[in-house]
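Residue numbers (numbering that gives the first Met the number 0), protein chains in the order written: chain A, 0 to 74; chain B, 0 to 199.
Here a beta-carbon is modelled for each residue, glycine too, at the ideal position from N, C-alpha and C.
Note that this is a predicted model, so its numbers are computed, not measured.
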Amino acid sequence: MTIVPEGVFHWFLTLVTGGFAGLWVIHDLVFLIRLAGADRRDPLVADKWFGYVLGMVMGLIGVLGALRFNGVLAG
Amino acid sequence: MATATARGARSPAGSSTRTPRVVSRWNPANAVTASRFLTLPALWWAIDRGYHQFATLFIMVCALLDKLDGLVAKIFDCRSQFGELFDAITDGICYGFGLILVAAYGWAPLLPVVLVITMGVTNTALRGVYIRRAGRPVNYKSYAMERIVAYTGYLIGFATAGMQVVYFYWAFVPIMLVILVHDGKRMLVDPVPPAEGARA
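So this is what it looks like as structure tokens:
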């Protein structure tokens, strides 16, 4: 039993994963750039810096996964 | 009626900068959080029947409600420490249950699921230690942890949708390990921020 045709579901997954992950990479990159020059000895700044970097890594994993899903990358 | 102290502007490790106020535990945001449990039987039903799209829909609803409760808390101005703890516990139960389900039905590889759940349990134990160190019910938060929780929701969706399952599950493990080590040090070693209101 399906809700939508498999092809539609495939593109929906691509959009929800790859699209969101790509936007997230940009989102965290912008916030990371805004953080430039802030004192990283401040615990809040250090926490943000670490979170944004890891957020970008997770976003890249999502983009790569979406590309693999569509056969653009091997896997 | 049970009450909790409201939280204001967020800072790391659960501290706050606004004057505390009293908020009932019976508020719209916590109702939205609790409603996430309703998606679990539906998720189980869909996985048991092999309905991949329905299972994906139900875990998406669960994840979207997680985002909605924060919005509702902001709109109704009913943020509280209890609400944040309840939200974190609900995340653990919903996503833990979802991961166990997809692994049990063979929709996700067992080893990374075991590793993820083990790290999740370890993180919960560290939070317990942090609460003991703080001497008050405080929800440890970090920017990295917020992101990995979102990824955890996606993990279940990848399994239900059959989308690059092995790739996404194994990519998750080292990232969560790095965050666990980083946040573990902060919870166990770094100074605990003062109680909310103390700096107001």
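{"query": "Just checking my contact of B:A128 with B:M186 at CB under 8 Å: how many whole Å lie between their CB atoms?", "result": "Here the sequence assigns Val to residue 128 of chain B, which means Ala is not the residue at that position. Their Cβ separation, rounded to whole angstroms, is 6 Å, which keeps B:V128 and B:M186 in contact under 8 Å."}
{"query": "Determine the DSSP secondary structure at B:V60, reduced to helix, strand or coil.", "result": "helix"}
{"query": "Determine, using beta carbons only, whether A:R67 comes closer than 8 Å to chain B.", "result": "yes"}
{"query": "Would you say B:H51 and B:G183 are within 8 Å of each other, going by their C-beta atoms?", "result": "no"}
{"query": "Which residues in chain E have a C-beta closer than 7 Å to the C-beta of B:A160? List them in chain order.", "result": "Going by chain labels, chain E is absent from the structure shown, which instead holds the protein chains A and B."}
{"query": "Give the residues from the segment 31 to 60 of chain A that approach chain B closer than 8 Å (Cβ to any Cβ), ordered along the chain.", "result": "P42, L43, D46, K47, F49, G50, Y51, L53, G54, V56, M57, I60"}
{"query": "Would you mind working out which of B:T55, B:S34, B:Y168 sits nearest A:M0, comparing C-alpha positions?", "result": "B:T55"}
{"query": "Cβ of B:V172 versus every heavy atom of the ligand GDP: is any distance shorter than 7 Å?", "result": "Only the bare structure without any ligand can be found here, which leaves the ligand GDP out of the picture."}
{"query": "What residue from A:R40, A:F49, A:F68 has the CA that sits closest to A:T13's CA?", "result": "A:F68"}
{"query": "How would you list, in chain order, the residues of chain A whose beta-carbon sits under 7 Å from the beta-carbon of B:I219?", "result": "There is simply no residue 219 of chain B to check, as chain B begins at 0 and stops at 199 in what is shown."}
{"query": "Could you check whether the Cβ of B:A170 sits closer than 8 Å to any Cβ belonging to chain A?", "result": "yes"}
{"query": "Kindly indicate if chain A contains any beta-carbon less than 8 Å away from that of B:Y94.", "result": "no"}
{"query": "For B:R78 and B:Y139, what's the separation of their Cα atoms in angstroms?", "result": "15 Å"}
{"query": "Between the C-alpha atoms of B:I46 and A:L31, what's the straight-line distance to the nearest angstrom?", "result": "39 Å"}
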